[in-house]
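S.K.: Protein chains in written order, with our numbering: chain A, 327 to 738; chain B, 706 to 1118.
My questions will all concern the structure given below.
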């Protein structure tokens, strides 16, 4: 009799209209929860991406090629002596977006009245501009080491501790490749804030060739590689390991170098999933309450419908349509609002510059850009759908047990 | 009294609905209290560890030292300051330090690091240096060229207890100072960068070598009551010379404290999202409860019950549910907070997360435990918030129901 889906929809809509306040409450609950959930997922993932990218870009790269003893001993004598052999291989890999050569040596930095431990990093500024976006991290000064390579760029926290500013001179003392102590003077040309603690707190960037001359090495201590897609790290790592046959050379993925970053990413994904499940399990209780009342107050109505030939499965469909219409309208509103909010924060970021130094401790910028993933919407859609179906099932079972046709007689 | 009876009867006649509301509200209260206790506990532990590892709760320095940390801006009469501090009863202990940098050299390595002089006995009572000993021995007041060095720095210099090394540094009069040292002990504070860069000698030995007799960079104070640190800062500032300044950990670790506050804010955002959905479910149940007896309310109004009495009855119902759930949830949350304050959660029992790697990444002390903080006053406020939230859920149904006239309510289907 009521086989037409259109008719079922019409009836469901009329019923929702009759009890519109309840429907609004449910839709509002779902849409607001969804807005909150999308905001939380997008912003938290955005933070993780920022922390990881800051560490990868200015630190390890997605992959890092080093001498096998350098990481454990940190002695500059453990360097890659023929980087060209490796860079020739890298030039032919399509997955690689860029790579740079670097030298890193720990030493002592001194001003007129104070000294401190420092990590001196030799870089090629032109290549780093493209690779690590270093120029954009400058907070003061010019992006240059001078024509004679006497300039240096200092991490902002180190500069703050040493009380040095652009134009001031610092003296670096460190060990060369024969373990002799060497010193050199550098003029600070710029201050940098990368949110990578290794640079901000302990880093002094100098010209790579000058550092090579100072330390007496021809090679480099690191080749930092960035890939077009971060998730290609395992396959490119595998290829490079089979192609680079020098036993002195090792290649690390950022996951090996920053295990805590990778763990944090995994934990954040689990946390987001648990949050989604928790929110929609609680939401299903709200849906259940409304559907239960809505079904039980219409037992007679359903009894009459069944008495004139409507099958129970059509009643089931009618109740399901009602529930789905309410929850899905909540989902659509929530997804639109939450999606727009995420899009806004993805484009313009959430500016929390008042907490800039606090965020730097966690390796984050003060402007947090949200991430927008398709899975946020699909996961929450499935969750809303499941919550609705589960929450509607129990009232329908209760209705079936009550035997609606019998109820007509009982109540008259 | 009759309103209370009616409210009770109403709650009992819709047992399942009342139970679900009660359950949700109890759960929310318990989780709210416990998560806040856990957040406060872990943040306080991070801050406390960062203070106690080395910096201390209060530091006296030359007023110009923080802007120009050079040998022109030192504390030049330590005995005079000590004399002033002795008269302040709010100070429990204090210790004197001289912090500078040196280049340490072994046969193979030369590495720059912190070269600090301490008074071993008083230092042991203020910081965790002595307790962080992992091999060899801690310093004593008679030590001469004995070095107490961080494990990570020792690893980089390839040193173990009993090994020799030399150092070169600037003395307080800017002359060169150098000597041979013997590693007496290794320490591990679990603050990676500190363990990677710091080494200590006995101050009386340091003074003869570095021309720093009666001179210091810092005097570190331990207050009797940590909560009174702000007041004590003012008292000490009044007692010492004007060219010196005293700063509490709130200034010294400003960034870290701010970072913990930011983390707390994000924790509240997450909780707020969970609470939106819980609040809505309770509100929906309250709405259904009120609307399912709209006819009954119409009859009550028709026989002379005033709107105020109806509102009071509905509020009593919400209050009963709110009170029971807040009491049970509050007790549960408080008990759990108290339990985990005494028995902190072990990270290893939660996951395979490498705590040291995490701490190293964020330059924080690697504590493998997550304690809660049991604060009865704060718990009472949180319970009150939850009770008010429970009452708020019936505001909308009450406002709606009051729009009906008694006849409209009786005819309502």
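In this text, a Cβ means the ideal position worked out from N, Cα and C, and glycines have one as well.
These numbers come from a predicted model, not from an experiment.
1. Exposed or buried, which one is residue 392 (chain A) when buried takes at least 16 other CB atoms within 10 Å?
2. Skipping 5 residues on each side, what residues in its chain have a beta carbon closer than 7 angstroms to that of residue 1022 (chain B)?
3. Within the stretch 509-574 of chain A, note down every full alpha helix (DSSP H) run reaching 4 residues or more, in order along the chain.
4. Let's test the definition: count the other Cβ atoms within 10 Å of the Cβ of residue 1031 (chain B) and tell me whether it reaches 16, buried, or not, exposed.
5. Run through the stretch 882-939 of chain B for me and flag every whole alpha helix (DSSP H) of 4 or more residues, listed as ranges in chain order.
6. Between the alpha carbons of residue 327 (chain A) and residue 611 (chain A), how many angstroms are there, rounded?
7. Going along the chain, which residues of its own chain have a beta-carbon closer than 7 angstroms to the beta-carbon of residue 629 (chain A), five neighbours each way excluded?
8. Interface residues of chain B around residue 440 (chain A) at Cβ under 7 angstroms?
9. Measure the Cβ-Cβ separation of residue 1076 (chain B) and residue 440 (chain A) and say whether it is below 7 angstroms.
10. Quick one, which of A:487, A:501, A:381 has its alpha-carbon nearest residue 404 (chain A)'s?
11. Would you mind stating whether residue 967 (chain B) and residue 684 (chain A) have Cβ atoms separated by less than 7 angstroms?
12. Residues of chain B with CB closer than 8 angstroms to the CB of residue 507 (chain A), please, in chain order.
13. Residue 1027 (chain B): which of B:978, B:1098, B:860, B:1013 sits nearest, CA to CA?
14. Could you say if the stretch 974-987 of chain B and the stretch 677-693 of chain A meet the contact criterion of at least three C-beta pairs nearer than 8 angstroms?
15. Pull up the distance between the alpha-carbon of residue 810 (chain B) and that of residue 904 (chain B), whole angstroms please.
16. Taking a contact to mean a Cβ-Cβ separation below 7 angstroms, would you say residue 1088 (chain B) touches residue 1035 (chain B) in this structure?
17. Tell me, please, whether the CB atom of residue 925 (chain B) is closer than 7 angstroms to any CB atom in chain A?
18. Is residue 707 (chain B) buried or exposed, if buried means 16 or more other CB atoms sit within 10 Å of its CB?
19. Please work out which residues of its chain come closer than 8 angstroms, Cβ to Cβ, to residue 342 (chain A), disregarding the five sequence neighbours upstream and downstream, and give them in chain order.
20. With distances taken Cα to Cα, identify the nearest neighbour of residue 790 (chain B) among B:937, B:969, B:1081.
21. Could you spell out the range, first to last residue, of the beta strand (DSSP E) harbouring residue 422 (chain A)?
22. Using a C-beta cutoff of 7 angstroms, does residue 698 (chain A) count as contacting chain B?
23. Could you tell me whether the stretch 482-496 of chain A touches the stretch 409-425 of chain A, using the rule of 3 or more Cβ pairs below 8 angstroms?
24. Roughly how many whole angstroms lie between the Cα atoms of residue 575 (chain A) and residue 390 (chain A)?
25. If you draw a straight line from the C-alpha of residue 1051 (chain B) to the C-alpha of residue 1074 (chain B), how long is it?
26. Applying the 10 Å Cβ sphere with the 16-neighbour rule, what's the burial state of residue 739 (chain B)?
27. In the DSSP assignment, find the unbroken beta strand (DSSP E) run with residue 389 (chain A) in it and report its ends.
28. Give the straight-line distance between the Cα atoms of residue 383 (chain A) and residue 890 (chain B), rounded to the nearest whole angstrom.
29. According to the Cβ coordinates, are residue 725 (chain A) and residue 696 (chain A) closer than 7 angstroms?
30. Distance, Cα to Cα, residue 761 (chain B) vs residue 859 (chain B)?
31. Kindly indicate if chain B contains any beta-carbon less than 7 angstroms away from that of residue 608 (chain A).
32. Under 8 angstroms Cβ to Cβ from residue 698 (chain A), same chain only, skipping five residues before and after it: list those, please.
33. Within the chosen definition, does the stretch 832-845 of chain B reach the stretch 875-894 of chain B through at least 3 CB pairs nearer than 8 angstroms?
34. To be precise: take each residue of the stretch 994-1027 of chain B, compare its Cβ to all Cβ atoms of chain A, and keep it if any distance is under 7 angstroms. Which residues remain?
35. Need the endpoints of the alpha helix (DSSP H) that residue 819 (chain B) sits in, please.
36. Closer than 8 angstroms is the cut-off here; do at least three beta carbon pairs connect the stretch 847-861 of chain B with the stretch 801-819 of chain B?
M.R.: Here's the rundown:
1. By one-based count along the first chain, residue 392 (chain A) stands at place 66. Buried: at least 16 other Cβ atoms inside 10 Å.
2. Taking the second chain and counting its residues from 1, the one referred to as residue 1022 (chain B) is at position 317. Result list for residue 1022 (chain B): 712, 715, 716, in chain order.
3. 523-526, 534-541, 559-569
4. If you number the second chain from 1, residue 1031 (chain B) lands on position 326. That one is buried.
5. 897-900, 908-915
6. What you label residue 327 (chain A) is simply residue 1 of the first chain in a count that begins at 1. What you label residue 611 (chain A) is simply residue 285 of the first chain in a count that begins at 1. Low local confidence applies: a pLDDT of 48 at residue 327 (chain A) is under 50, so the model's placement there is unreliable, and no value is given.
7. Counted from its first residue, the first chain places residue 629 (chain A) at position 303. Contacts found: 730, 731, 733, 734.
8. Position 114 of the first chain, counted from the start, is the residue given in the question as residue 440 (chain A). Result: 774, 775.
9. The count along the second chain starts at 1 and reaches residue 1076 (chain B) at position 371. The count along the first chain starts at 1 and reaches residue 440 (chain A) at position 114. No, these two residues do not count as a Cβ contact at 7 angstroms.
10. As a working mapping, residue 404 (chain A) is identified with position 78 in the first chain. Of A:487, A:501, A:381, the residue nearest in Cα terms is A:501.
11. Along the second chain, one-based indexing puts residue 967 (chain B) at 262. Along the first chain, one-based indexing puts residue 684 (chain A) at 358. For residue 967 (chain B) and residue 684 (chain A), yes; Cβs fall inside 7 angstroms.
12. By one-based count along the first chain, residue 507 (chain A) stands at place 181. Those are 808, 810, 815, listed as they occur along chain B.
13. The count along the second chain starts at 1 and reaches residue 1027 (chain B) at position 322. The shortest Cα separation from residue 1027 (chain B) among B:978, B:1098, B:860, B:1013 belongs to B:1098.
14. no
15. Counted from its first residue, the second chain places residue 810 (chain B) at position 105. Counted from its first residue, the second chain places residue 904 (chain B) at position 199. Using only the alpha carbons, I get a separation of about 13 angstroms.
16. For the purposes of this step, residue 1088 (chain B) is identified with residue 383 of the second chain, where counting begins at 1. For the purposes of this step, residue 1035 (chain B) is identified with residue 330 of the second chain, where counting begins at 1. The criterion of a C-beta distance shorter than 7 angstroms is satisfied by residue 1088 (chain B) and residue 1035 (chain B).
17. As a working note, residue 925 (chain B) is residue 220 in the second chain. No, no contact with chain A.
18. Along the second chain, read from residue 1 onward, the residue named residue 707 (chain B) stands at position 2. By the neighbour-count rule (16 or more Cβ atoms within 10 Å), residue 707 (chain B) is not buried but exposed.
19. What you label residue 342 (chain A) is simply residue 16 of the first chain in a count that begins at 1. Cβ neighbours of residue 342 (chain A) beyond the five flanking positions: 349, 648, 651, 652.
20. Residue mapping note: residue 790 (chain B) aligns to position 85 of the second chain, counting from 1. Distances from the alpha-carbon of residue 790 (chain B) to those of B:937, B:969, B:1081 put B:937 closest.
21. As a working note, residue 422 (chain A) is residue 96 in the first chain. Judged by DSSP secondary structure, residue 422 (chain A) falls within the beta strand (DSSP E) whose first and last residues are 422-436.
22. Locating residue 698 (chain A) in the first chain gives position 372, where the first residue counts as 1. So, not an interface residue.
23. no
24. Position 249 of the first chain, counting from 1, holds the residue named residue 575 (chain A). Position 64 of the first chain, counting from 1, holds the residue named residue 390 (chain A). Taking the straight line joining both Cα atoms gives about 10 angstroms.
25. Taking the first residue of the second chain as position 1, residue 1051 (chain B) is located at position 346. Taking the first residue of the second chain as position 1, residue 1074 (chain B) is located at position 369. If I take the Cα positions, the gap works out to 5 angstroms.
26. The sequence position of residue 739 (chain B) within the second chain is 34, counting from 1. Answer is buried; the Cβ neighbour count reaches 16.
27. Indexing the first chain from 1 puts residue 389 (chain A) at position 63. 389-393 is the span of the beta strand (DSSP E), which, as asked, contains residue 389 (chain A).
28. For the purposes of this step, residue 383 (chain A) is taken as residue 57 along the first chain, with counting starting at 1. For the purposes of this step, residue 890 (chain B) is taken as residue 185 along the second chain, with counting starting at 1. Looking at the two C-alpha atoms, the distance is approximately 39 angstroms.
29. Within the first chain, residue 725 (chain A) is the residue found at index 399, counting from 1. Within the first chain, residue 696 (chain A) is the residue found at index 370, counting from 1. No. Outside cutoff.
30. As a first step, residue 761 (chain B) is located in the second chain; it is residue number 56 there, counting from the start. As a first step, residue 859 (chain B) is located in the second chain; it is residue number 154 there, counting from the start. The alpha-carbon atoms of residue 761 (chain B) and residue 859 (chain B) are separated by roughly 24 angstroms.
31. Here the question's residue 608 (chain A) lines up with position 282 in the first chain. Output row for residue 608 (chain A): interface = yes.
32. Walking along the first chain from the start, residue 698 (chain A) turns up at place 372. Around residue 698 (chain A): 368, 665, 668, 669, 672.
33. yes
34. Taking 7 angstroms as the cut-off between beta carbons, the residues of the stretch 994-1027 of chain B near chain A are 997, in sequence order.
35. As a working mapping, residue 819 (chain B) is identified with position 114 in the second chain. Run containing residue 819 (chain B): none in the alpha helix (DSSP H); it sits in the beta strand (DSSP E), 815-823.
36. yes
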